[in-house]
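Have a look at the structure below before the remarks.
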Amino acid sequence: MELLPALGREQRQGFAVVGNGFADGATLEFEDLAAHRRVAGRKPTSVTPQRIEYEARFGAEVSRWRVAVRNPDGSSSEPFEFDGGRDVMLALPPPVAEAVMPPVEPAKPAAPPAFATTAEAAAASRLLASRDGAALLALLAPMEEQYAGDPDYDYLLGVAQLDTGHPSEAIFALQRTLELRPGFSGARMELARAYYEVGDNEESRREFQTVREQDPPPAARDAIERYMSAVDLRSARYRALGRGQLETFGGYDTNANGGTDAQTIAFGPFLLNPAPNSRRQESPYYGVAGQYFYGAPLTPDWRWQAGARGTLRENPQASFVDASQALALASVTYGQRATVSAGLSGAWSTLADRANNHSYGLDVGSTLPLGEQFYGAASAHGGMLRYDAPSLKAQDVNQLVGAAALGWHVPWARRLDLDLGPLGGRDEAVNAGSTFGRDLLGARLNLFWVAPLRLVVSGSAAWVRSDYDYTRTALLAARSDEQAALQLTVDPSDWLRPWRLRLQGTWIDNRSSLALFQYDKTDIALYLGRDF
C-alpha cells in the first residue's frame with residue numbers, strides 16, 4: 036500500500052492501495068484506531084484489479100488508521116494499518132512488495148435477510164417507539180453475528196447504540212443499512228446525528244442536507260435546522276472568522292433625554308422648577324454605526340476574539356443629548372458545549388460633542404448544557420465608570436454586577452429559546468459625599484425565536500430595583516428607583532443577505548421616590564445595514 040503525504044488539512048489528499056483481486060465497485064473501509072471510529076463504504080476515484088485510488092481528508096492530529104477493501108460480492112481483504120495526521124509523511128520502504136495487501140478472499144455465502152419476520156423484530160420496534168435504548172441494545176447485541184448486514188436489524192442496532200452513547204459503533208451499523216437502502220431517510224437522519232456526536236462536522240452536515248432535500252415532516256425539518264445551526268457554530272470554533280457590519284438607523288424617542296414629566300419638584304419645604312434639560316423632550320433621531328469582530332482558534336478547546344463598535348446618534352429636537360460611543364473588547368473562550376470565557380472591555384462616550392464618560396471592565400461568563408432541552412448561564416462584570424466633566428465627578432462609581440439564568444429549548448415550538456434568572460450588583464461611589472452609590476436587585480427574561488416566514492424574533496423583559504446609599508434628610512428624601520423595561524426586535528434579514536434589516540421597540544418606566552428621576556419612554560427604531 037502506498038500513500039501520498041496524509042496531512043491534517045481540510046482539503047482532500049490522494050493515496051493508492053496496491054494489491055490484487057480488486058473488483059469494479061469495490062469500496063474502502065477505514066477505522067481510526069485511536070478514536071475507535073469506523074468509516075465504511077467509501078467509493079474510490081478509480082479501481083483496477085491491482086490498484087485502488089482514493090481522495091481522503093485526515094484530521095489535524097496524528098492518528099493510527101486501518102484500511103480494508105471490500106468487493107461488491109461481500110469479500111474483503113485483510114486490513115492494513117498506517118499513520119495519518121499533521122506533519123506525517125506516509126511512504127513504504129522498499130521493496131514495495133512488502134506493502135502489497137493480501138489477495139481478497141473469496142466471498143462467503145450470506146444468509147438471506149430475515150430479521151423483520153422474527154418475534155425479536157416486533158419487540159425491538161416496540162422498544163424503539165418508547166426510545167428505550169438500553170433495553171433495545173440488550174435485545175439486539177447478542178444477535179449481531181447472525182443478523183449484521185440485514186438492513187432492518189442494522190438500523191435498530193444503530194439507533195440503540197446511538198441512544199446509549201456509542202455513536203462510533205452506530206455509524207458502522209447505519210452505514211450498512213444505507214448501503215442497501217440509500218433512500219431510507221430515518222437511517223440517514225440517525226447517521227447524521229451519530230456523525231455529529233463524534234465531532235465529524237462535515238459528514239454530519241452532508242447527511243443532514245441530504246435528509247433535508249428529501250422533504251421531511253415539519254418536526255424532522257425543525258430538528259435538522261437545530262443540528263445544522265449547532266454544526267455551523269461548532270465548525271466556526273475551528274477556523275478564523277472576521278465579520279464586519281455598517282448600518283444606518285432612524286427612529287422616534289418619546290423621551291430622548293430621560294427627563295421627568297413633573298413641572299415642579301419638592302426640595303424639603305420648597306417647590307422648585309426642574310431645569311429645562313431635565314424635563315421630557317421628545318425627538319426623532321438618526322445615526323450610523325459600524326462594527327468589526329474577529330476570532331480564531333488557539334487549540335481545539337481554546338479560542339480568542341476581539342472587536343470594536345462605534346455609534347453616532349443625532350436628536351434634532353434635543354441636540355443637547357446628541358451622543359457618540361466607541362466600544363472595544365477582547366476575550367478568550369474555553370470549551371465547546373460547556374464554555375467559560377473571560378475578557379476585557381472599554382467604552383468611551385461623548386454628549387453634545389463633549390467627552391462625557393469612559394469605562395473599563397473585566398467580564399466573565401459560562402454556559403452549561405443540562406440535557407437536551409435545558410441549559411444554564413452565568414455572567415459577571417467588574418469595572419469602573421468615570422465622568423470627564425468636573426461637574427459630573429460625583430457620579431463616578433466602581434461597578435460589580437452579576438446575573439444567572441436557566442434556559443429552555445422549547446421542544447414543541449420552532450427554534451424557541453427562553454431563559455430567566457436573577458441579576459444584582461453594587462455601584463460603589465468613589466467620591467466622599469456622593470449620592471450615586473447604590474445596590475441593585477432584579478430579574479430578566481430573554482426570548483429568541485425563529486418564527487414562520489424565516490423571521491427572527493428576539494426580546495427581553497427586565498425589572499430592577501436600585502436603593503441608593505444616602506439617608507433621608509430635612510431637604511432630601513432617600514432615593515429608591517424601580518425600573519421596568521421591555522425590548523422586542525423583529526429581524527427578516529434571512530431574506531436579504533448580505534443586507535440587514537431589523538425593527539426594534541423599547542419601553543422603559545422608571546419609578547422613583549424623587550420626582551426628578553421619575554420618567555417613562557418609548558423608542559421605535561428601524562435599522563438597515565450590510566455585512567462585509
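Whatever position you read off the sequence shown (first residue = 1), add 35 for this note's numbering.
Yeah, the Cβ is synthetic: ideal placement off N, Cα and C, and Gly gets one too.
All of these numbers come straight from a predicted model, not from anything done at the bench.
Checklist entry - For the beta strand (DSSP E) that GLY411 lies in, which residues bound it at each end? => result Counting from 1 along the sequence shown, the entry for residue 411 is found at position 376. Looking at the DSSP string, the run of the beta strand (DSSP E) that includes GLY411 is 409 to 422.
Checklist entry - What separation, rounded to the nearest whole angstrom, lies between the Cα atoms of ASN290 and ILE559? => result Residue 290 sits at position 255 when you count from the first residue of the sequence shown. Residue 559 sits at position 524 when you count from the first residue of the sequence shown. Near 11 Å, if we compare the C-alpha coordinates of ILE559 and ASN290.
Item to check | Exposed unless 16 or more other CB atoms sit within 10 angstroms - verdict on THR299 | outcome: Along the sequence shown, one-based indexing puts residue 299 at 264. The residue is exposed, with fewer than 16 neighbouring Cβ atoms inside 10 Å.
Checklist entry - Since ALA91 is in the alpha helix (DSSP H), which residue starts that stretch and which ends it? => result Position 56 of the sequence shown holds residue 91. Premise fails: ALA91 lies in the beta strand (DSSP E), 86 to 91, not in any alpha helix (DSSP H).
Checklist entry - Who does HIS393 pair with in a DSSP beta bridge? => result As a working mapping, residue 393 is identified with position 358 in the sequence shown. DSSP lists TRP383 and ARG421 as the beta-bridge partner residues of HIS393.
Checklist entry - How would you call ASP357, buried or exposed, if buried means at least 16 neighbouring beta carbons within 10 angstroms? => result In the sequence shown, the residue the question calls residue 357 occupies position 322. It is buried - the Cβ of ASP357 has at least 16 other Cβ atoms within 10 Å.
Item to check | Among ARG315, ASP504 and GLY285, the one whose alpha carbon lies nearest that of ASP296 | outcome: For the purposes of this step, residue 296 is taken as the residue at position 261 of the sequence shown. Selected option, being the one with the closest Cα: ARG315.
Item to check | For GLU248, three-class secondary structure by DSSP | outcome: Here the question's residue 248 lines up with position 213 in the sequence shown. GLU248: coil per DSSP, three-state reduction.
Checklist entry - Within the chosen definition, does the region 544 to 563 reach the region 514 to 531 through at least 3 CB pairs nearer than 8 Å? => result Yes: the two stretches touch, three or more of their Cβ pairs being nearer than 8 Å.
Item to check | Limits of the unbroken beta strand (DSSP E) element including SER366 | outcome: Taking the first residue of the sequence shown as 1, we reach residue 366 at position 331. Here the beta strand (DSSP E) through SER366 covers 358 to 370.
Next on the checklist: Is the separation between the beta-carbon of GLU155 and that of LEU174 shorter than 8 Å?
Outcome noted: The residue you call residue 155 lines up with position 120 of the sequence shown. The residue you call residue 174 lines up with position 139 of the sequence shown. Yes, they are a contact pair.
Checklist entry - Roughly how far, in whole angstroms, is the beta-carbon of PHE483 from the beta-carbon of ALA429, given that I think they are within contact range, below 8 Å? => result Here residue 483 refers to the residue found at position 448 of the sequence shown. Here residue 429 refers to the residue found at position 394 of the sequence shown. Incorrect: roughly 39 Å between the Cβ atoms, too far for contact.
Item to check | the ligand FMN heavy atom lying under 7 Å from the CB of VAL52 | outcome: Summarising the ligand content, the structure contains no ligands, and the ligand FMN is consequently not present.
Checklist entry - Expressed to the nearest angstrom, what Euclidean distance is found between the alpha-carbon atoms of VAL82 and SER220? => result In the sequence shown, residue 82 corresponds to position 47, counting from 1. In the sequence shown, residue 220 corresponds to position 185, counting from 1. Between VAL82 and SER220, the C-alpha separation is close to 29 Å.
Item to check | 8 Å Cβ cutoff met for SER394 and ALA382 | outcome: One-based indexing of the sequence shown puts residue 394 at position 359. One-based indexing of the sequence shown puts residue 382 at position 347. For SER394 and ALA382, yes; Cβs fall inside 8 Å.
Checklist entry - For the putative contact between ARG223 and LEU213, defined by C-beta atoms under 8 Å, what is the C-beta separation to the nearest angstrom? => result Start at 1 with the first residue of the sequence shown, and residue 223 comes out as number 188. Start at 1 with the first residue of the sequence shown, and residue 213 comes out as number 178. So it is a contact: roughly 6 Å between Cβ atoms.
Item to check | Residue from GLN539, PRO533, HIS201 and ARG535 with nearest C-alpha to VAL525 | outcome: What you label residue 525 is simply residue 490 of the sequence shown in a count that begins at 1. For VAL525, the nearest C-alpha among the options comes from GLN539.
Item to check | For HIS201: DSSP bridge partner residues | outcome: The residue given as residue 201 occupies position 166 in the sequence shown. Paired residue(s): none; HIS201 is not in a bridge.
Checklist entry - Contact check, PRO527 vs LEU521 under 8 Å by CB: the rounded distance? => result Here residue 527 refers to the residue found at position 492 of the sequence shown. Here residue 521 refers to the residue found at position 486 of the sequence shown. Contact between PRO527 and LEU521 does not hold, since their C-beta atoms are separated by about 21 Å, which reaches or exceeds 8 Å.
Next on the checklist: Can you give me the C-alpha to C-alpha distance between ALA157 and TRP447, rounded to a whole angstrom?
Outcome noted: Reading the sequence shown from its first residue, position 122 is the one you call residue 157. Reading the sequence shown from its first residue, position 412 is the one you call residue 447. Rounded to whole angstroms, the gap between the alpha carbons of ALA157 and TRP447 is 29 Å.
Checklist entry - Less than 8 Å separating the beta-carbons of ASP187 and ARG211? => result Here the question's residue 187 lines up with position 152 in the sequence shown. Here the question's residue 211 lines up with position 176 in the sequence shown. Going by C-beta atoms, ASP187 is not nearer than 8 Å to ARG211.
Next on the checklist: Tell me the DSSP secondary structure of VAL465 in three-state form.
Outcome noted: Along the sequence shown, one-based indexing puts residue 465 at 430. VAL465: coil per DSSP, three-state reduction.
Next on the checklist: Between THR368, PRO335 and TYR321, which has its C-alpha nearest LEU347's C-alpha?
Outcome noted: Mapped onto the sequence shown, residue 347 falls at position 312. Minimum Cα distance to LEU347 is reached at TYR321.
Item to check | For TRP29, the residue or residues it bridges with in DSSP | outcome: Residue 29 falls outside the range modelled here, since the chain spans only 36 to 567, and no answer is possible.
Checklist entry - Can the beta-carbon of GLY460 be found less than 8 Å from the beta-carbon of LEU420? => result The residue labelled residue 460 in the question sits at position 425 within the sequence shown. The residue labelled residue 420 in the question sits at position 385 within the sequence shown. Contact flag unset, no.
Item to check | Where LYS78 falls, given that 16 or more other Cβ within 10 Å makes a residue buried | outcome: Numbered from its first residue, the sequence shown carries residue 78 at position 43. Exposed, by the Cβ-count rule.
Next on the checklist: Could you pull the DSSP bridge partners for GLY56 from this structure?
Outcome noted: Position 21 of the sequence shown, counted from the first residue, corresponds to residue 56. Within the DSSP bridge table, the entry for GLY56 names no partner.
Item to check | Three-state class that DSSP yields for ALA193 in the structure shown | outcome: Against the sequence shown, residue 193 aligns to sequence position 158. Reading off the sequence, residue 193 comes out as Gly, not Ala. Correct three-state label for GLY193: helix.
Next on the checklist: Using 8 Å as the threshold, is the C-beta distance between ALA390 and ASP423 below it?
Outcome noted: Taking the sequence shown and counting its residues from 1, the one referred to as residue 390 is at position 355. Taking the sequence shown and counting its residues from 1, the one referred to as residue 423 is at position 388. Yes, the pair counts as a contact, with Cβ atoms nearer than the cut-off.
Item to check | Inter-stretch contact (C-beta, 8 Å, three-pair minimum) for the region 243 to 260 and the region 272 to 282 | outcome: Because the criterion of three Cβ pairs below 8 Å is not met, the region 243 to 260 and the region 272 to 282 do not touch.
Next on the checklist: By alpha-carbon positions, which one of ASP108, MET263, ARG161 and ALA51 ends up nearest to GLY60?
Outcome noted: Walking along the sequence shown from the start, residue 60 turns up at place 25. From the listed residues ASP108, MET263, ARG161 and ALA51, the smallest Cα separation to GLY60 is found for ASP108.
Checklist entry - Exposed or buried, which one is TRP534 when buried takes at least 16 other CB atoms within 10 Å? => result The residue you call residue 534 lines up with position 499 of the sequence shown. Classification of TRP534: exposed, given that the 10 Å Cβ count is below 16.
Item to check | Rounded C-alpha distance that separates TYR231 from GLY442 | outcome: In the sequence shown, counting from the first residue as 1, residue 231 sits at position 196. In the sequence shown, counting from the first residue as 1, residue 442 sits at position 407. Taking C-alpha positions only, TYR231 is separated from GLY442 by approximately 22 Å.
Item to check | First and last residue of the uninterrupted alpha helix (DSSP H) at ARG161 | outcome: Taking the sequence shown and counting its residues from 1, the one referred to as residue 161 is at position 126. Note, ARG161: alpha helix (DSSP H), 154 to 164.
Checklist entry - Which two residues bound the contiguous beta strand (DSSP E) that contains LEU63? => result On the sequence shown, residue 63 is found 28 positions in, with the first residue counted as 1. First-last of the beta strand (DSSP E) with LEU63: 62 to 67.
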